[in-house]
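Presented below is the structure to which this report refers.
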Amino acid sequence: MNPNTEAIQVLKDVGKKAPVLEGVSTGVEGLDDLFYTSKIENGKVIKKSLGGIPKYAVINLTGVSDTGKSLFVEQFAIKRAAEGERIAFVTVETPATFLSMGLKERATAMGIDFNVIDENIIIIDAASYHSLREEMPTLLDTLAYAIKTFKIKYTIVDSITGLYEHKEMMARIFVRQLFNFMKKWYQTALFVSQKRSSHEELSAEAAGGYAVSHIVDCTMVLSKKIIQSSYDERMYKRPIGEMVRLFRIDGCRMCGHD
Numbered sequence: 001m002n003p004n005t006e007a008i009q010v011l012k013d014v015g016k017k018a019p020v021l022e023g024v025s026t027g028v029e030g031l032d033d034l035f036y037t038s039k040i041e042n043g044k045v046i047k048k049s050l051g052g053i054p055k056y057a058v059i060n061l062t063g064v065s066d067t068g069k070s071l072f073v074e075q076f077a078i079k080r081a082a083e084g085e086r087i088a089f090v091t092v093e094t095p096a097t098f099l100s101m102g103l104k105e106r107a108t109a110m111g112i113d114f115n116v117i118d119e120n121i122i123i124i125d126a127a128s129y130h131s132l133r134e135e136m137p138t139l140l141d142t143l144a145y146a147i148k149t150f151k152i153k154y155t156i157v158d159s160i161t162g163l164y165e166h167k168e169m170m171a172r173i174f175v176r177q178l179f180n181f182m183k184k185w186y187q188t189a190l191f192v193s194q195k196r197s198s199h200e201e202l203s204a205e206a207a208g209g210y211a212v213s214h215i216v217d218c219t220m221v222l223s224k225k226i227i228q229s230s231y232d233e234r235m236y237k238r239p240i241g242e243m244v245r246l247f248r249i250d251g252c253r254m255c256g257h258d
């Protein structure tokens, strides 16, 4: 018998080391007030908005194509960069040059001068460098170097699915390694994961099964609905032919949510 006594800790002692629960504004209208914390005041439980996603959380955004996943993380990156904070943007699908074009257009649409943010977003181009996509240790070493060098607080991976697209049986291993890395470096992280066409649109399942959603702190599901009937018109209050984008927080371990 050889117990690991270092792994045994009293809650009181661990709690002293825990970071303060606070929100990080996303730049996405209507989202920041959906996360909340609870306090006891005069014997009653009171909900208080966090004002953003929980800091230090690892969050999974999943959905079929063209539901706004990349738009979401780009707006988040621009919002944090405009506040003077550094973000690592691991691009697995789009080469860095083309990502920069999209970020510039997105910043303009948000009313933010690109020159204000261009030194605060650090792009790690896994789309162009095979070793970053195929060798997890190389990716993690590169990311650690960037975090130390640029004092990065936030990390985006778009998409995490691209790291195991031809080896989905190993998805849980890849996601666990990235999750543990983000926790070690105290990163607030957003992972984009893609759905296959066979997946239910509003479920948390993505390529690799439920590997991502089971491991991360929070999952947000994005989907879309085309208005095709009078019933849809009444339900969504939109005319036939229009597209409605849907959004749901599937769960969050770190705080409450609506």
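Sequence positions in the sequence shown follow full-length UniProt numbering and run 1 to 258. Built from N, CA and C at the ideal position, the CB exists for glycine as well.
Worksheet item: Which residues in the same chain as isoleucine 173 place their Cβ atom closer than 6 Å to its Cβ, once the five residues preceding and following it in sequence are excluded?
Response: Here residue 173 refers to the residue found at position 173 of the sequence shown. So no residue of the chain qualifies.
Item to complete: Kindly give me the distance between the Cβ atoms of aspartate 217 and alanine 57, rounded to whole angstroms, as I take these residues to be in contact under 8 Å.
Response: Here residue 217 refers to the residue found at position 217 when the sequence shown is read from its first residue. Here residue 57 refers to the residue found at position 57 when the sequence shown is read from its first residue. Confirmed, Cβ separation roughly 4 Å.
Worksheet item: With DSSP run on the structure shown, which of helix, strand or coil describes alanine 144?
Response: If you number the sequence shown from 1, residue 144 lands on position 144. Taken through DSSP and simplified to helix, strand or coil, alanine 144 comes out as helix.
Item to complete: Specify, as a first and last residue, the run of the beta strand (DSSP E) that threonine 67 falls within.
Response: Numbered from its first residue, the sequence shown carries residue 67 at position 67. Careful: threonine 67 lies outside any beta strand (DSSP E) and carries neither H nor E.
Practice prompt. Since I believe threonine 155 is in contact with alanine 88 (beta carbons under 8 Å), could you give me their beta-carbon distance rounded to a whole number of angstroms?
Written response: As a first step, residue 88 must be located in the sequence shown, where it is residue number 88. As a first step, residue 155 must be located in the sequence shown, where it is residue number 155. The beta-carbon distance between alanine 88 and threonine 155, rounded to whole angstroms, is 5 Å. This is short enough to meet the 8 Å contact definition.
Item to complete: Count the CB pairs spanning the region 110 to 124 and the region 79 to 86 that are closer than 8 Å, and state whether there are at least three.
Response: Below 8 Å, enough C-beta pairs join the region 110 to 124 and the region 79 to 86 to call them touching: three or more.
Worksheet item: Thinking just about the alpha-carbon of each residue, which of Ser213, Ile121, Glu41, Asp33 is nearest to the one in asparagine 60?
Response: Numbered from 1 along the sequence shown, position 60 holds the residue referred to as residue 60. Checking every option, the nearest Cα to that of asparagine 60 belongs to Ser213.
Discussion item. Give me the residue from Arg234, Ile123, Ile227 with the minimum Cα distance to serine 100.
Written reply: The residue labelled residue 100 in the question sits at position 100 within the sequence shown. Nearest of Arg234, Ile123, Ile227 to serine 100, Cα basis: Ile123.
Practice prompt. State the CB to CB distance for the pair glutamate 74 and glycine 102, rounded to an integer number of angstroms; the pair is presumed to be in contact (CB under 8 Å).
Written response: Residue 74 sits at position 74 when you count from the first residue of the sequence shown. Residue 102 sits at position 102 when you count from the first residue of the sequence shown. Their Cβ separation, rounded to whole angstroms, is 7 Å, which keeps glutamate 74 and glycine 102 in contact under 8 Å.
Fill in: Span separating the alpha-carbon of threonine 67 from that of valine 175
One-based indexing of the sequence shown puts residue 67 at position 67. One-based indexing of the sequence shown puts residue 175 at position 175. Going by the C-alpha atoms only, they are around 22 Å apart.
Discussion item. Just verifying my parser: in three-state terms, what is the DSSP assignment at valine 175?
Written reply: Here residue 175 refers to the residue found at position 175 when the sequence shown is read from its first residue. In this structure, valine 175 counts as helix in the three-state DSSP scheme.
Worksheet entry | Residues near proline 95 by beta carbon distance below 7 Å, same chain, minus five either side | Looking up residue 95 in the sequence shown gives position 95. If the five residues before and after proline 95 are omitted, its C-beta is found closer than 7 Å to the C-beta atoms of Asp125, Ala127, Ser128, all from its own chain and listed in chain order.
Worksheet entry | glutamine 75 - DSSP class collapsed to helix/strand/coil | Sequence index remark: in the sequence shown, residue 75 carries index 75 (1-based). The answer is helix: DSSP assigns glutamine 75 an H, G or I state.
Discussion item. Let me make sure I understand the geometry here. Which of Leu222, Met235, Arg234 has the alpha-carbon closest to that of valine 247?
Written reply: The sequence position of residue 247 within the sequence shown is 247, counting from 1. The displayed chain sequence assigns phenylalanine, not valine, to residue 247. The shortest Cα separation from phenylalanine 247 among Leu222, Met235, Arg234 belongs to Leu222.
Worksheet entry | Whole-angstrom distance between leucine 178 and isoleucine 147, CA atom to CA atom | As a working note, residue 147 is residue 147 in the sequence shown. As a working note, residue 178 is residue 178 in the sequence shown. Looking at the two C-alpha atoms, the distance is approximately 14 Å.
Practice prompt. Indicate the three-state DSSP secondary structure (helix, strand or coil) for asparagine 120 in the structure shown.
Written response: Along the sequence shown, one-based indexing puts residue 120 at 120. Asparagine 120: coil per DSSP, three-state reduction.
Worksheet item: Contact between the region 1 to 17 and the region 25 to 40: three or more CB pairs below 8 Å?
Response: These segments do not touch.
Worksheet entry | Spatial distance of glycine 256 from phenylalanine 191 (CA atoms) | Locating residue 256 in the sequence shown gives position 256, counting from the first residue. Locating residue 191 in the sequence shown gives position 191, counting from the first residue. So the alpha carbons of these two residues sit roughly 20 Å apart.
Fill in: CB contact flag (glycine 162, glutamate 93, <9 Å)
Against the sequence shown, residue 162 aligns to sequence position 162. Against the sequence shown, residue 93 aligns to sequence position 93. Yes, these two residues count as a Cβ contact at 9 Å.
Practice prompt. Could you name the residues of the same chain whose beta carbon sits closer than 8 Å to that of arginine 238, not counting the 5 residues immediately before and after it, in chain order?
Written response: On the sequence shown, position 238 is the one that residue 238 refers to. These residues qualify, in order along the chain: Ile227, Asp232, Val244.
Discussion item. Taking 9 Å as the threshold (C-beta atoms), are lysine 69 and aspartate 158 in contact?
Written reply: Residue mapping note: residue 158 aligns to position 158 of the sequence shown, counting from 1. Residue mapping note: residue 69 aligns to position 69 of the sequence shown, counting from 1. With contacts defined as CB atoms closer than 9 Å, aspartate 158 and lysine 69 qualify as a contacting pair.
Worksheet entry | Span of the alpha helix (DSSP H) around methionine 243 | If you number the sequence shown from 1, residue 243 lands on position 243. Note, methionine 243: premise wrong, no alpha helix (DSSP H); beta strand (DSSP E) at 243 to 252.
Worksheet entry | Proximity winner among Lys225, Ala144, Tyr236, relative to asparagine 180 (alpha-carbon distances) | In the sequence shown, the residue the question calls residue 180 occupies position 180. Selection Lys225, Ala144, Tyr236 evaluated against asparagine 180 yields Ala144 as nearest (Cα-Cα).
Worksheet entry | Residue interval of the alpha helix (DSSP H) (run including glutamate 134) | Looking up residue 134 in the sequence shown gives position 134. 130 to 134 is the extent of the alpha helix (DSSP H) around glutamate 134.
Discussion item. Can you look up asparagine 115 in the DSSP assignment and give me helix, strand or coil?
Written reply: Along the sequence shown, one-based indexing puts residue 115 at 115. Three-state result, asparagine 115: helix.
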